[in-house]
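Protein chains in written order, with the working numbering: chain U, 2 to 322; chain P, 27 to 230. For every residue, glycine included, the Cβ atom is placed at its ideal position computed from N, Cα and C. In this text, all values refer to a predicted model and were calculated from it rather than measured experimentally. Here the structure is laid out as C-alpha cells; the discussion comes afterwards.
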Ligand code: FES
C-alpha cells in the first residue's frame with residue numbers, strides 16, 4: 002500500500018525449495034510482534050533491493066489467514082522476466098531483512114456464496130491455499146480443481162490432497178488430464194461462485210465458458226497479476242512535479258516515477274486494482290496499455306495510463322503527476 | 027401497455043429494464059398482474075422459442091384483480107403454476123431455487139413489491155442481485171416498511187398513509203431496502219402530532 006499504512010519490516014525466517022521451479026518464503030516481523038490478520042486471496046508487495054534497482058513485486062499470501070506469527074509466499078522462477086523472481090530465488094536467504102506492504106485483497110471470497118468453486122493453474126494455486134484454510138475454518142463448502150504441468154511441478158498437491166481429501170481435484174497436463182469444465186459448471190448448485198487464478202488463457206476460458214452457460218458475471222471472480230512487461234526505453238515528463246526522465250527497458254513507468262523521487266499511488270503493481278491511474282496531459286505517440294483496469298474506450302482515448310504495467314512509444318508523453 | 031417511466035430519484039431506488047431471453051440451462055419466471063404481459067412479450071421473440079421446454083412460470087393475479095393466467099397457460103411452457111398470492115407461492119419459489127443449478131435464469135415482472143421479493147429470494151439462494159432480470163408492469167402501488175414498528179404494508183397507493191400495524195401516519199420515501207424488499211415509511215407528524223397533510227394517491 003503506498004498511501005498511509007506503514008510498511009512491515011520483516012526478516013526472512015525460512016526458505017523452502019518446493020520443487021525445481023518454486024520456492025516458498027516465510028517472513029516474520031523484525032520486532033517479533035504479530036502480523037495483521039489477512040483474508041484469503043490477499044497479496045503483499047515485497048520490496049527488493051536488487052543490486053541498486055528497487056523492485057516491488059506482488060505475491061499472494063498462502064499461509065493460514067489465522068497465523069499471525071508470519072506470512073508465507075511462493076515464488077515461481079521466471080527466467081525471462083525482469084528479474085524479481087530470480088532475485089527472490091538466488092539472493093533471498095534466511096536471516097535477511099526485507100520490507101513488505103500491508104496485505105491487500107483484490108481477490109476475496111464472496112461470503113454470500115453457497116459454495117466456492119476454485120480453479121487454479123500452476124502457481125495460481127497460492128491464493129487458494131489461504132482461501133481453502135479460511136473456508137474450512139468457517140465451515141463453508143468448496144471444491145478445488147488444480148491443473149499443473151507434471152507431478153514433479155505440482156506444488157502442494159500432496160499436502161492439499163492429504164488435508165482436504167476428495168475436495169481437491171488435480172489434473173496433470175503431461176498425463177493429458179484436463180478439467181472437463183462444461184460438465185463441472187453444469188452440475189453446480191445455485192449460489193456457487195467461481196474463482197480462477199492462473200495463466201491468461203485459463204482465466205479467459207473459464208469466464209467465456211461460464212458466460213455461455215448462463216453464469217452471472219458477478220459470480221465469476223479472477224485474479225491475474227501482470228508482471229510489468231519489458232520494452233523499449235521512452236521519455237516521460239511529469240507536469241505537476243516538473244520532472245523529466247527516461248524509463249529504462251526493464252523498468253516500469255511506475256518504478257521510474259518512484260526512482261525520480263515522486264510519490265505515486267499504487268496497490269497491486271500488476272494492472273488490476275486501478276489505484277495507480279494517472280491522467281495523460283499530452284500523448285504524441287502510442288500508449289501500450291497492458292492493464293486490466295481501463296475500459297477499451299478509455300484505452301483508445303489515450304487520456305489515462307496505468308504506470309505500473311503500461312508503456313509508451315512516440316515523441317512525447319506528459320503526465321499529470 | 028406502455029413501459030413504465032420512473033422519475034429520476036436517489037440511488038437506492040431500483041430501476042427496471044425489459045425482459046429479454048437469457049442464455050442458460052433453465053428459466054424461472056415469477057410475475058404478478060400485468061407482469062404476465064412482459065412474459066408474453068418475451069416469448070413472442072423468436073429466440074425464446076427453444077426456451078419453452080426449460081421454462082417454469084409462477085404467476086399470481088394482481089392486487090387490482092388483473093388476472094392473465096389464461097395467456098400464460100397458452101404459452102405452453104414446461105411448467106405453469108398459478109398461486110393466489112406471493113405469500114402462498116413463496117414455499118414453491120424457495121424449493122425451486124434450492125433445487126436449481128447454476129445456469130438458471132431468473133426473471134421477475136409486475137409490481138415493484140413482487141420483483142423485490144423475487145430478488146430477495148434469489149439472493150438468499152446465493153445469486154447476485156444483478157442476475158435477476160426485472161420489468162415493471164401494472165400498478166405502482168408500493169410495499170412499504172414502517173421504520174418505527176417494522177411492519178410491512180402491501181399495496182400502498184396513498185402518501186401519507188396509515189401504517190396497517192402500528193397506526194402511525196407514514197410518509198413514503200423513495201429509499202428502498204433490498205434486504206427487506208420494501209420502501210421505507212417514516213412518521214410524518216412526529217414533531218407536531220396530529221398535523222398530518224391530506225393523503226394523495228401518488229402510486230396508482
Ligand atoms: S497499481 Fe494496481 S493497477 Fe497499477
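Note down the Cα distance separating residue 27(P) from residue 193(U), rounded to an integer number of angstroms. Sequence index remark: in the second chain, residue 27(P) carries index 1 (1-based). Sequence index remark: in the first chain, residue 193(U) carries index 192 (1-based). Residue placement at residue 27(P) cannot be trusted, given a pLDDT of 45 that sits under 50; the coordinates are not used to answer.
Residues in its own chain within less than 6 Å of residue 130(U) by CB, not counting five upstream and five downstream? Indexing the first chain from 1 puts residue 130(U) at position 129. Around residue 130(U): 63.
Sub-7 Å separation of residue 13(U) and residue 95(U) beta-carbons: Locating residue 13(U) in the first chain gives position 12, where the first residue counts as 1. Locating residue 95(U) in the first chain gives position 94, where the first residue counts as 1. Against a cut-off of 7 Å, the Cβ pair of residue 95(U) and residue 13(U) comes out as a contact.
Quick one: grab the DSSP three-state call for residue 117(P). Counting from one through the second chain, the residue named residue 117(P) turns up at place 91. It is helical.
Would you tell me roughly how many angstroms separate the C-alpha atoms of residue 225(U) and residue 244(U), rounded to the nearest one? What you label residue 225(U) is simply residue 224 of the first chain in a count that begins at 1. What you label residue 244(U) is simply residue 243 of the first chain in a count that begins at 1. The straight-line gap from Cα to Cα measures roughly 32 Å.
To be precise: take each residue of the region 190 to 211 of chain P, compare its Cβ to all Cβ atoms of chain U, and keep it if any distance is under 7 Å. Which residues remain? none
Tell me the DSSP secondary structure of residue 115(U) in three-state form. In the first chain, counting from the first residue as 1, residue 115(U) sits at position 114. Residue state, collapsed to three classes: coil.
State the beta-bridge partners of residue 248(U) as determined by DSSP. Along the first chain, one-based indexing puts residue 248(U) at 247. DSSP, once it has assigned bridges, lists 235(U) as partnering residue 248(U).
Considering only the beta carbon of each residue, do residue 183(P) and residue 229(P) sit closer than 7 Å? The sequence position of residue 183(P) within the second chain is 157, counting from 1. The sequence position of residue 229(P) within the second chain is 203, counting from 1. Yes, the pair counts as a contact, with Cβ atoms nearer than the cut-off.
Range of the contiguous beta strand (DSSP E) that encloses residue 181(P): Within the second chain, numbered from 1, the residue matching residue 181(P) stands at position 155. Note, residue 181(P): beta strand (DSSP E), 178 to 182.
So what's residue 315(U) in DSSP terms, helix, strand or just coil? Here residue 315(U) refers to the residue found at position 314 of the first chain. Correct three-state label for residue 315(U): strand.
Just to confirm my understanding: we take residue 169(U), look at its own chain, exclude 5 residues before and 5 after, and list those with CB closer than 6 Å. What are they? Locating residue 169(U) in the first chain gives position 168, counting from the first residue. Taken in chain order, the residues that qualify are 145, 161 and 162.
DSSP state of residue 233(P) mapped onto helix, strand, coil: Outside the shown range of chain P (27 to 230) lies residue 233(P), about which nothing can therefore be said.
Residue 8(U), enclosing beta strand (DSSP E) - first and last residue: The residue you call residue 8(U) lines up with position 7 of the first chain. Element bounds for residue 8(U): n/a, residue is neither H nor E.
Taking 6 Å as the line, does the beta carbon of residue 189(U) fall inside it for any heavy atom of the ligand FES? In the first chain, counting from the first residue as 1, residue 189(U) sits at position 188. Answer for residue 189(U): no, Cβ out of range of the ligand FES.
Any Cβ of chain U within less than 7 Å of the Cβ of residue 128(P)? Start at 1 with the first residue of the second chain, and residue 128(P) comes out as number 102. Residue 128(P) counts as touching chain U.
Nearest to residue 108(U) by CA position, among 319(U), 126(U) and 9(U), is which residue? Within the first chain, numbered from 1, the residue matching residue 108(U) stands at position 107. Selected option, being the one with the closest Cα: 126(U).
Is the region 23 to 36 of chain U in contact with the region 72 to 92 of chain U, if contact means three or more CB pairs nearer than 8 Å? yes
If I'm right that residue 159(P) touches residue 206(P) with Cβ under 8 Å, what's the distance once you round it to whole angstroms? Taking the second chain and counting its residues from 1, the one referred to as residue 159(P) is at position 133. Taking the second chain and counting its residues from 1, the one referred to as residue 206(P) is at position 180. Not a contact, Cβ separation roughly 21 Å.
Sorted by chain position, which residues of the same chain lie with C-beta nearer than 6 Å to residue 89(P)'s C-beta, five sequence neighbours on each side aside? Within the second chain, the letter at position 63 stands for residue 89(P). 181.
Comparing the C-beta of residue 131(P) with each C-beta of chain U, is any distance below 7 Å? Residue 131(P) sits at position 105 when you count from the first residue of the second chain. It does: the Cβ of residue 131(P) has a partner Cβ on chain U nearer than 7 Å.
Between the alpha carbons of residue 290(U) and residue 229(U), how many angstroms are there, rounded? Taking the first chain and counting its residues from 1, one reaches residue 290(U) at position 289. Taking the first chain and counting its residues from 1, one reaches residue 229(U) at position 228. The straight-line gap from Cα to Cα measures roughly 11 Å.
Any beta-carbon of chain U closer than 7 Å to the one on residue 104(P)? One-based indexing of the second chain puts residue 104(P) at position 78. Chain U contact via Cβ: absent.
Under 7 Å between C-beta atoms of residue 90(U) and residue 78(U): Start at 1 with the first residue of the first chain, and residue 90(U) comes out as number 89. Start at 1 with the first residue of the first chain, and residue 78(U) comes out as number 77. Yes, the Cβ-Cβ distance between residue 90(U) and residue 78(U) is below 7 Å.
Residues near residue 277(U) by beta carbon distance below 7 Å, same chain, minus five either side: Numbered from 1 along the first chain, position 276 holds the residue referred to as residue 277(U). Closer than 7 Å at Cβ, skipping near neighbours: 255, 265, 266, 267, 307, 308 and 309.
Check whether chain A comes within 7 Å of residue 217(U), counting only Cβ atoms and requiring the distance to be less than that. Given the protein chain composition of this structure (U and P), no chain A is represented.
Alpha-carbon spacing of residue 17(P) relative to residue 34(P), whole angstroms: In the structure as shown, chain P starts at 27 and stops at 230, and residue 17(P) therefore has no counterpart that could be examined.
For a test of the three-state rule: what should DSSP assign to residue 21(U), helix, strand or coil? Here residue 21(U) is taken as the residue at index 20 of the first chain, counted from 1. Note: residue 21(U) maps to coil in three-state DSSP.
Excluding the 5 residues flanking residue 106(U) on each side, which residues of the same chain have their C-beta closer than 6 Å to its C-beta? Within the first chain, the letter at position 105 stands for residue 106(U). So the qualifying residues of the chain are 40, 42 and 43.
Give the range of the alpha helix (DSSP H) segment to which residue 204(U) is assigned. Locating residue 204(U) in the first chain gives position 203, counting from the first residue. 201 to 213 is the span of the alpha helix (DSSP H), which, as asked, contains residue 204(U).
Rounded to whole angstroms, what's the CA-CA distance from residue 158(U) to residue 88(U)? Just pull it up for me. Translated into positions along the first chain, residue 158(U) becomes position 157. Translated into positions along the first chain, residue 88(U) becomes position 87. Whole-angstrom Cα-Cα distance: 26 Å.
Which of the residues in the region 38 to 54 of chain P, read from start to end, lie with their CB under 8 Å from any CB of chain U? 48, 49, 50 and 51
Heavy atom of the ligand FES within 6 Å of residue 307(U) beta-carbon: One-based indexing of the first chain puts residue 307(U) at position 306. Yes, the beta carbon of residue 307(U) sits closer than 6 Å to at least one heavy atom of the ligand FES.
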